[in-house]
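Here's the structure, in structure tokens; my notes come after.
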Amino acid sequence: MTALGRGLLAAAMVTLPFWLADPYYLHVVIMAGIFGVLALSLNLLLGYAGQLSLGHAAFFGIGAYTSALLTLKREWSFWPALAAAIALAAAAGWIIGRLALKLRGAYFVLVTISFAGVISLVSVNWIELTNGPLGLPGVPAPDLGPWSLRTKAAYYYLVLAAVALSYAVCRRLVRSRIGRAFVALRENEPLAESIGVDVTHYLVLAAVVSAAMAGLGGSLYAHYTRFVSPEVFLFTYTVTMVIMVVAGGKGTLAGPLVGAVLFTALPEALRLAASWQWQMLAYGSLLVLLVFFLPRGIVPQIVASFSGHPRSAPTSRTPLQ
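Quick note: the sequence shown uses the numbering used here, first residue 9, plus one each step.
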């Protein structure tokens, strides 16, 4: 993207609440931003390190519950609770990284699914702490000094800042020696290890950073919806993240954000246009067509189209801005 294009995009994002009058549409944009953070986090594991995590909702839920519990029961303010949510999710990512150290492929997937199942059961059965299936209502809105971020417009800017920070962290990582190590492990782990890449260090690092970003998304979700329940650990959240990453273009930076916007807005548009049964049918059909005609994802296909050389266009192996 050219400098002019980036400038126009930034201006559109900053001024969005002023020309998007309907609060419902602003709500969809906020949710797309939260899922954008989650998709970026999963992309580090799936797109760059080559490890599929089907328990990513666990880190999302840990962040949401940590932030909600600290602000409700300990009366912390939002910002230290947010930091604690990120830290605890990162610690959970370190545990998963260490547990799955010798596991790859389907075994790693099983470990992540099992971990998410255990955390979900804890949230349901530890009633004294989590209030069980009833959840935690009344999560307070964030404050920024004397200003409350209670309105949708104010919260939009908080989410926008989180998306920008997550994107900057991912870009910094994938364009550094760490990112090259991730890609080397994804492409050929034995060869990468033979030339001195520390497999243990980099896979655990990918899991920790990915989980920390998911914890950030969970905290933002908790304070936006003002309610947290065991539903945050649902497998459908992880599936949605995977769809966003794969359809947008895994192994790219822009792909997860494009996928997050598309697959947050699409179900809402279908819900308004059709009944529930037809909505699910249309959603599934569009997803199948998208994967069939754009197997590399939306962003790599767009880059290939504009480059005029589709056969030599960048694939998911090439980091994109």
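Yeah, the Cβ is synthetic: ideal placement off N, Cα and C, and Gly gets one too. Every value quoted in this text rests on a predicted model; they were computed, and no experiment measured them.
Check whether residue i and residue j have beta carbons under 8 angstroms apart
i, j, result
"Pro141", "Ser237", "yes"
"Thr246", "Gly44", "no"
"Val117", "His231", "no"
"Phe67", "Ala99", "no"
"Val205", "Ala222", "no"
"Phe243", "Ala114", "no"
"Gly58", "Arg180", "no"
"Phe86", "Pro150", "yes"
"Val182", "Leu261", "yes"
"Leu298", "Ala268", "no"
"Leu144", "Leu199", "no"
"Ile251", "Leu295", "yes"
"Ile104", "Val119", "yes"
"Met249", "Leu53", "no"
"Leu5", "Leu173", "One cannot answer for residue 5 here, as it falls past the ends of the chain, which runs 9 to 329."
"Met288", "Leu168", "no"
Close-in-space but distant-in-sequence residues of the same chain around residue i (CB under 8 angstroms, 5 per side omitted)
i, result
"Lys160", "Pro25, Pro31, Leu34, His35, Ile38"
"Tyr175", "Leu48, Leu261, Leu265"
"Pro275", "Gln287, Tyr291"
"Phe235", "Gly143, Leu144, Pro145, Gly146, Val147"
Sheet register partners of residue i (DSSP bridge)
i, result
"Leu152", "Trp155"
"Val236", "Leu144"
Distance cut-off 7 angstroms: residue i Cβ against heavy atoms of the ligand ATP
i, result
"Thr208", "The ligand content of the structure shown is nil, which means the ligand ATP is not present either."
Supposed contact pair residue j and residue i - C-beta distance, whole angstroms, cut 8 angstroms
i, j, result
"Gly257", "Gly305", "3 angstroms"
"Tyr229", "Ile42", "5 angstroms"
"Val253", "Gly101", "Actually they are not in contact, since the Cβ atoms of Val253 and Gly101 sit about 17 angstroms apart, beyond 8 angstroms."
"Ile186", "Leu213", "7 angstroms"
"Leu48", "Ser61", "Not quite, the Cβ-Cβ distance comes to about 14 angstroms (not below 8 angstroms), so this is no contact."
"Gly69", "Phe301", "34 angstroms between Cβ atoms; not a contact."
"Thr272", "Ala40", "4 angstroms"
"Val311", "Gly263", "No, Val311 and Gly263 are not in contact; Cβ-Cβ is about 10 angstroms, not under 8 angstroms."
Proximal residues to residue i (C-beta, below 7 angstroms), its chain only, five neighbours per side dropped
i, result
"Trp84", "Leu78"
"Ser128", "Pro238, Phe241"
Same chain only: Cβ atoms within 6 angstroms of residue i, ignoring 5 sequence neighbours per side
i, result
"Ala93", "Gly71, Thr74, Ser75, Gly223, Ser227"
"Ile121", "Leu62, Gly63"
"Leu17", "none"
"Pro290", "Residue identity differs from the one stated: residue 290 is Ala in this sequence, not Pro. If we look at Ala290 and ignore the five residues flanking it on each side, its Cβ neighbours are Leu278."
"Ser131", "Thr138, Pro238"
Every unbroken alpha helix (DSSP H) inside the stretch 68-120 [4 residues or more]
86-107
Pick out the complete beta strand (DSSP E) segments inside the stretch 183-252, 3 residues or longer, and give them in chain order.
none
At 3 residues or longer, and completely inside the stretch 36-67: list those beta strand (DSSP E) runs for me, N to C.
none
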